[in-house]
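Report on the structure given below.
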Amino acid sequence: MGSMVGASVVRKEDPALLTGQGRFVDDIQLPGMLHMAYVRSVQAHASVLSIDVEDAVGMPGVLGVWTAADLEGLSPVRSAPGMDRPCLAGDTVRFVGEPVAVVVATDRYKAADAAGAVVVDYEPLPVLTTIEEAMAEGAAPIVPGQASNVVMAVPLTESDAETELAAAPHRTSLRIRNQRLAPVPIEPIGCVAHWEPSGLTLWATVQAPHPVRNELSVMFSLPNHQVRVIAPDVGGGFGAKASFYAEYLLTSELSRRLHRPVKYIETRSESLVSMTHGRAQVQDIEVGYDDDGKLLALRVAIVQDCGAWPDATGSGLPTLTLFMSGGCYKIPVIAASFRSVATNTTPVAAYRGAGRPEAAYLIERVVDVVADELGIDSLDVRRRNFIQREEMPYPTQFPGIVYDEGDYPALLEDLLGKIDYPALRAEAESRRTDPDKPLMGIGFSTFVEMGGFGPTPMFEQFGYIGGWESSTVRMNPDGSVVISVGTSPHGQGHETAFAQIASDALGGVPMDRITVLHGDTGTVQEGIGTMGSRGIPVCGPAVQKSADGVRQKLVKIAAHLLEADEADIESDGETFSVKGTPGSSIPLSEVAMTAYKPQRLPEGMDLGLQVMEYYEPTNLSYPSGAHACVVEIDRATGAVDVKRYVAVDDCGTVINPLNARGQVEGGLAQGIAQALLEEVVYAADGQPVTSSLIDYQIPSAPDLPAMETHHFVVKSSFNPLGAKGLGESGATGAPQAVTNAVIDALSHLGIRDLDMPLTPFKVWTAMRTPRAAEPAGSTELAPGQVPDGLPTSDDDSTDTPWKVTP
Amino acid sequence: MKHDVSLRVNGTTTDDTVESRQLLVHYLRDTLGLTGTHVGCDSSNCGACTVLLDGVAVKSCTVLTAAADGAEVLTIEGLGSTEDLSPVQQGFRQCHGLQCGYCTPGMVVSATGLLLDQPSPDGQQIREGLEGNLCRCTGYQMIVESVQWAIENGGPGAAARAHADRAVQAGKR
């Protein structure tokens, strides 16, 4: 039978999910279960003068209302030292949506009613919505105990690269605002806590049940074995479900007090202000380069908006951005620093890519800007700076950050083989002077990112006990297989992919004889979880190792039963036979059964067929890719239409091409949406403008193009599978491909840079904003001239109905 | 205020007394235990709660149970079973049209409703037909291909057709 690794197998997960038999947290009903609802702050920054709970407490079905004062002694949510976040705001609220009180009632309607009846009296405080306001002279610190709103300031390198920048023939600066995004998994956060005499059980929408167990264990001073965290089916996470939320603690505490199970399910509107946001960086960049576009020095200074309570993971994410800021290029010196700043907004943490998309966007915009400055093709700038295949593994200037095997020049050439770039370029040029057709632009992204998080020293910095992963493979007496893995998938298809790896490692045991379990600290051995594109590169080798251990034992038993030498034993997944001895064979099920019959086992062999393995990666893996995007821009509306998106990704070994395509396309969707649609917006007073799916636009089907995805495989030597991970590649590769295409389409208007999202309004405004057009190609609009059919600048003063906020 | 309601859900008649404000999705999930219908938003944007109501795909978070009195409802549980997936369900399986599975029941029901109305939509019509259903995992192309697979392999399927036919006979569709 052929190898399962590399086969497009339909998923084991699907039949239940397709028939409504998935089990998500909100599907859980327990006898006597109560419902918790939050009272959330409507102020961005205010003193809490009083909380009147009297009406709420008296409402039907209400078991109680609790404020911070009622929960004294309850552990805060742990974060960076000195920045622990209380579960409920005490005398100060710091962002709109911060919980002020909790209500528990017998059903979700009554809980919502009672939450609405709690009256909070606020005295407004100065609101610091932006990092600029928060860093201004004299701005009061938002986080108590901090000297300023700069809660973390890290010069990652000693050099500021000023000498090298000053010596470079050319020097250009760029400021990029990588906008704040909302992760928006379609299932919001939810949990059910049940505190019993034997301990606490929490079902929760988490990506990492073991770390959540560890946190609860510390917070309640309970030993690990008395806390069980279960991630049942989880409806997407994208990094946001890797953070710890106060509701896990509060439902647990209230279950302890009320002796009944307590459920909490956030609404979408709550989710958009409560679930952690992502990105939210401002990057100041200087680049030095020569006449050929060779990059000589790069300086990157990042300001990370942390929101009101710096998240344990989120506040340090710029480290990853800076590590990856050189992209797939050889840059002699990079000066890197960041500051993390508190603002009166929702906390910011990991979102698909978590720090690396910000880096890929930065450096891929830099190469396009350099090309633009020199008047050469950006592909030539890329080619002149690529790290070459023979230079890999490639140690970057950052200690421990060593790129594994990849072939960036070949990736780009492979991509160019799939598009007719000269023809596209000619078409784009002709469009500039043809007012009857939409403008057209071509953008590229040649990127590298990090996957396979650990190893342990790296992952410890983000609060995890290790960067390893675990697998137990057990063969049952009938030859079927149960695998427990430490990762906790929420859409990635681990049940299928790990079964494929195990099937091969076990010598071809059929897929339908293998079950993969996960997401339960009560039944799965120690694990870490699913984030950072680590499932296949880190847990995959653990599955492979443990399955191989079982196979080795099977071979020993088969050799014993067949009275042959181990080296002569062959198997096809269903029978074992002796090489060159026809008729001498034994079914796998009999070999498996023998493992549980002490009298039939070889002398000294232990009973059973179960092997547990941990796998600690030697380093991160580095997935890479080359993407091309072709856009059209409507001259009258500024609307950007992605006509073509071609992605060539190198994720190393591909386990399941069907799953892999899904991962890449899903990531691309989020990346394209970052470029064109999405942004979390706050009004000047700190009120969220995008607090429902009416206002925060994640893409629907007509918003996205059909994507063309391809693989280019260079195996990693950093793990035995040769896999690099690909969960985040699409989201990392896409934004700059789209932005570069849009800027390309507009370049003849003198437009050199625009920040995402490139909404019709932003593009339209840029198209009609007078600027010093470049001498070459400035054929369409002179400064002050307005595109045909558009209102003149006089209309700016009138409140036209089509004028919308970008 | 309470209302006596009688609905036929997945072929079974159910009589209950419900509060005025109860949403159909909560009746299906909490009272009937049909938890395949999901809630993903509170503004009728995501479509995870989509069911067929008298032959038409509707968002059950935007229908009051009391207003559905006398109606026939088909949920994801009624479309097919693991042993006998409907063509749309099978299409999603074959073409990897789902990842986390949370939007999936609504997406499958919506696609089924689309194929009841329009037997062979093209790619763009499928995209527009599913505009009211949000998926954050797939990027939609594999969903489009899933629906195209269903079009080639039986369309909306027997259970949905029978459901729609009854609605037509009752003069509701």
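Protein sequences, first through last, are from chains A and B. The opening residue of the first sequence carries number 317 in the working numbering; numbering runs sequentially from there. The opening residue of the second sequence carries number 42 in the working numbering; numbering runs sequentially from there. Where a beta carbon is used, it is the ideal one built from N, C-alpha and C, also for glycine.
Exposed or buried, what is threonine 1075(A) when buried is set at 16 or more other beta-carbons lying within 10 Å of its beta-carbon?
The residue labelled residue 1075(A) in the question sits at position 759 within the first sequence. Burial is judged here by how many other beta carbons sit within 10 angstroms of a residue's own beta carbon; threonine 1075(A) has at least 16 and is buried.
Closest to arginine 262(A) by CA distance: which of Asp371(A), Ser363(A) and Pro725(A) is it?
The structure shown has nothing for residue 262(A), since chain A only spans 317 to 1122.
Which residue from His351(A), Pro499(A), Val958(A) and Arg867(A) puts its Cα closest to that of threonine 1006(A)?
For the purposes of this step, residue 1006(A) is taken as residue 690 along the first sequence, with counting starting at 1. The residue with the shortest Cα to Cα distance from threonine 1006(A) is Pro499(A).
Are the CB atoms of leucine 936(A) and alanine 652(A) within a distance shorter than 7 Å?
Residue mapping note: residue 652(A) aligns to position 336 of the first sequence, counting from 1. Residue mapping note: residue 936(A) aligns to position 620 of the first sequence, counting from 1. Going by beta carbons, alanine 652(A) and leucine 936(A) fall outside the 7 Å limit.
Per-residue DSSP class, three states only, for arginine 207(B):
As a first step, residue 207(B) is located in the second sequence; it is residue number 166 there, counting from the start. In this structure, arginine 207(B) counts as helix in the three-state DSSP scheme.
Going along the segment 988-1015 of chain A in order, which residues come within less than 7 Å of chain B, judged by CB to CB distance?
Cβ contacts with chain B: Ser1008, Leu1009, Ile1010 and Ile1014.
Between which two residues does the alpha helix (DSSP H) holding aspartate 423(A) run?
On the first sequence, position 107 is the one that residue 423(A) refers to. Per DSSP, aspartate 423(A) belongs to no alpha helix (DSSP H) and is neither H nor E.
Where does proline 1122(A) sit, in a helix, a strand or coil, going by DSSP?
Here residue 1122(A) refers to the residue found at position 806 when the first sequence is read from its first residue. With a pLDDT of 32 at proline 1122(A), under the threshold of 50, the modelled position of that residue is not reliable, and the figure given next carries that caveat. Coil, per DSSP.
Since glutamate 981(A) meets chain B, which of its residues come closer than 7 Å, beta carbon to beta carbon?
Taking the first sequence and counting its residues from 1, one reaches residue 981(A) at position 665. Simply Thr179, Gly180, Gln182 and Met183.
Looking at the C-beta of arginine 916(A), does it have a partner C-beta in chain B at a distance below 7 Å?
By 1-based counting over the first sequence, the position of residue 916(A) is 600. Proximity of arginine 916(A) to chain B, defined by a Cβ-Cβ separation below 7 Å, is not satisfied.
Chain A contact residues for isoleucine 117(B), given Cβ-Cβ distances below 7 Å
Residue numbering aside, residue 117(B) sits at position 76 when the second sequence is read from its first letter. Annotation: Cβ neighbours of isoleucine 117(B) in chain A (cutoff 7 Å, chain order): Thr335 and Gly336.
Tell me whether tryptophan 190(B) sits in a helix, a strand or coil according to DSSP, three-state version.
Translated into the one-based positions of the second sequence, residue 190(B) becomes position 149. Residue state, collapsed to three classes: helix.
Pull out every residue of the segment 498-526 of chain A whose Cβ sits closer than 9 Å to any Cβ of chain B, in chain order.
Residues Pro499, Val500, Pro501, Ile502, Glu503 and Pro504.
Starting from the C-beta of tyrosine 998(A), find all residues in its chain whose C-beta is less than 7 Å away, skip the five residues before and the five after it, and write them out in chain order.
The count along the first sequence starts at 1 and reaches residue 998(A) at position 682. Hits under 7 Å: Thr445, Thr661, Pro1004 and Val1005.
Would you list the residues sitting across from glycine 941(A) in a DSSP beta bridge?
In the first sequence, counting from the first residue as 1, residue 941(A) sits at position 625. Looking at the DSSP assignment, glycine 941(A) forms a beta bridge with Phe763(A) and Asp965(A).
Starting from the beta carbon of valine 149(B), find every residue of chain A whose beta carbon is closer than 8 Å, and list them in chain order.
Sequence index remark: in the second sequence, residue 149(B) carries index 108 (1-based). For valine 149(B), the C-beta contacts it makes with chain A under 8 Å involve Leu334, in order along the chain.
Burial state of proline 501(A) (16 or more Cβ within 10 Å):
Sequence index remark: in the first sequence, residue 501(A) carries index 185 (1-based). Proline 501(A) is classed as buried because its beta carbon has at least 16 other beta carbons within 10 Å across all chains shown.
Would a check of beta-carbon distances place methionine 287(A) closer than 7 Å to chain B?
One cannot answer for residue 287(A) here, as it falls past the ends of chain A, which runs 317 to 1122.
Along chain B, which residues have their Cβ under 8 Å away from the Cβ of alanine 1022(A)?
Indexing the first sequence from 1 puts residue 1022(A) at position 706. Neighbours of alanine 1022(A) on chain B, chain order: Gly164, Gln182 and Val185.
Which residues in chain B have a C-beta closer than 7 Å to the C-beta of serine 585(A)? List them in chain order.
The count along the first sequence starts at 1 and reaches residue 585(A) at position 269. For serine 585(A), the neighbours in chain B by C-beta distance under 7 Å run, in chain order, Asp83.
Run down chain A in chain order and give the residues with a C-beta less than 9 Å from the C-beta of proline 197(B).
Residue 197(B) sits at position 156 when you count from the first residue of the second sequence. Ordered by position in chain A, no residue passes the 9 Å Cβ test against proline 197(B), which lies about 15 Å from the chain.
Quick check on cysteine 144(B) - is its C-beta less than 7 Å from some C-beta in chain A?
Walking along the second sequence from the start, residue 144(B) turns up at place 103. For cysteine 144(B), the closest Cβ of chain A is nearer than 7 Å.
Could you check if valine 970(A) belongs to the surroundings of the ligand HEM, using beta carbon to heavy atom distance under 6 Å?
Ligands in the displayed structure: none, and consequently the ligand HEM is not present.
Given a threshold of 16 other Cβ atoms within 10 Å of its Cβ, counted over all protein chains shown, does arginine 584(A) qualify as buried or as exposed?
Working through the first sequence from its first residue, we reach residue 584(A) at position 268. Buried.
Using 7 Å as the limit for Cβ to Cβ distance, is glycine 835(A) near chain B?
One-based indexing of the first sequence puts residue 835(A) at position 519. With 7 Å as the cut-off, glycine 835(A) does not count as an interface residue toward chain B.
Between the segment 948-977 of chain A and chain B, which residues of the former have CB atoms less than 8 Å from a CB of the latter, in chain order?
Correct list: Leu974, Asn975 and Arg977.
In chain A, which residues lie with their C-beta within 7 Å of the C-beta of serine 122(B)?
Position 81 of the second sequence holds residue 122(B). Contact annotation for serine 122(B) against chain A: Thr335 [CB-CB distance below 7 Å, chain order].
With C-beta atoms as the reference, is isoleucine 949(A) less than 7 Å away from alanine 1061(A)?
Position 633 of the first sequence, counting from 1, holds the residue named residue 949(A). Position 745 of the first sequence, counting from 1, holds the residue named residue 1061(A). Against a cut-off of 7 Å, the Cβ pair of alanine 1061(A) and isoleucine 949(A) comes out as a contact.
Curious, which full-length beta strand (DSSP E) runs of at least 3 residues does the segment 485-510 of chain A contain?
DSSP runs (the beta strand (DSSP E)) wholly in the segment 485-510 of chain A: 486-497.
Determine whether the Cβ of cysteine 141(B) lies closer than 7 Å to any Cβ atom of chain A.
Residue numbering aside, residue 141(B) sits at position 100 when the second sequence is read from its first letter. Proximity of cysteine 141(B) to chain A, defined by a Cβ-Cβ separation below 7 Å, is satisfied.
Short of 6 Å in beta carbon distance, which residues of its chain neighbour phenylalanine 560(A), apart from the five on each side in sequence? Order them along the chain.
As a position in the first sequence, residue 560(A) is number 244, starting the count at 1. If you ignore the 5 residues before and after phenylalanine 560(A), its C-beta comes within less than 6 Å of the C-beta of Val393 and Glu531, all in its own chain and listed in chain order.
The beta strand (DSSP E) enclosing glutamine 599(A), as first and last residue numbers:
Translated into positions along the first sequence, residue 599(A) becomes position 283. Going by DSSP, glutamine 599(A) is part of the beta strand (DSSP E) stretching over 594-605.
Host alpha helix (DSSP H) of tyrosine 561(A) (start-end):
Against the first sequence, residue 561(A) aligns to sequence position 245. Note, tyrosine 561(A): premise wrong, no alpha helix (DSSP H); not H, not E.
For the candidate residues Ser47(B), Glu186(B), His44(B) and Val129(B), whose alpha-carbon lies nearest to that of proline 197(B)?
As a position in the second sequence, residue 197(B) is number 156, starting the count at 1. The option with the nearest alpha carbon to proline 197(B) is Val129(B).
Can you grab the Cα-Cα spacing for the pair aspartate 794(A) / proline 826(A), in whole Å?
Stepping through the first sequence from its first residue, residue 794(A) is reached at position 478. Stepping through the first sequence from its first residue, residue 826(A) is reached at position 510. Looking at the two C-alpha atoms, the distance is approximately 13 Å.
If distances are taken between C-alpha atoms only, which option among Ala360(A), Cys945(A), Gly1041(A) and Met1023(A) comes closest to glycine 623(A)?
Position 307 of the first sequence, counted from the start, is the residue given in the question as residue 623(A). It is Ala360(A).
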